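To start, the structure under review is shown below, and the notes come after it.
Residue numbers (the working numbering): 413 to 529.
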């Protein structure tokens, strides 16, 4: 079977559309970002889990992508210059300088604000 130049272009264009179509048709869900000014405190649960308590009482849990052994003992800082911390962002351990990657933030675990009002 011999393909003409136009047929080859059509096949190539179809392949490109199909290959890219899945990302266009099913967009990735938007990243969750927490603005620093709304974070009241953070609590390290273990080497893989951090709770971010917001000023309104909501608590967002983040399960790191991999275990970060020094997390429980040293504390961390975020390197973002945008005034927020987001899903899959890297954080740096204060004493060791080790970098660890956040996972996806979970929806609020609780809201004391909603219970009170």
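C-beta: ideal position from N, C-alpha, C; glycine also. What you are looking at is a predicted structure, and each value in this text was computed from that prediction instead of being measured.
For residue i, the nearest candidate out of the options (CA to CA)
i, options, result
"residue 512", "447, 462, 448", "462"
"residue 500", "482, 466, 473", "473"
"residue 475", "514, 520, 519", "514"
"residue 520", "504, 471, 466", "471"
"residue 449", "455, 481, 467", "467"
"residue 486", "459, 444, 505, 492", "505"
C-alpha distance - residue i paired with residue j, whole-angstrom precision
i, j, result
"residue 452", "residue 446", "11 Å"
"residue 469", "residue 484", "23 Å"
"residue 517", "residue 442", "11 Å"
"residue 498", "residue 507", "22 Å"
"residue 454", "residue 490", "12 Å"
"residue 478", "residue 510", "13 Å"
"residue 481", "residue 503", "13 Å"
"residue 496", "residue 459", "22 Å"
Residue i, enclosing alpha helix (DSSP H) - first and last residue
i, result
"residue 444", "No alpha helix (DSSP H) contains residue 444, which DSSP labels as neither H nor E."
"residue 467", "From DSSP, residue 467 is part of no alpha helix (DSSP H); its letter is neither H nor E."
"residue 485", "483 to 486"
Limits of the unbroken beta strand (DSSP E) element including residue i
i, result
"residue 511", "511 to 513"
"residue 452", "451 to 458"
"residue 361", "Nothing can be reported for residue 361, as the shown portion of the chain is limited to 413 through 529."
"residue 473", "471 to 475"
"residue 502", "502 to 505"
Environment of residue i [buried if 16+ CB atoms lie within 10 Å]
i, result
"residue 418", "With a pLDDT of 45 at residue 418, under the threshold of 50, the predicted position of this residue should be treated as unreliable, though the coordinate-derived value follows. Exposed."
"residue 488", "buried"
"residue 464", "buried"
"residue 457", "exposed"
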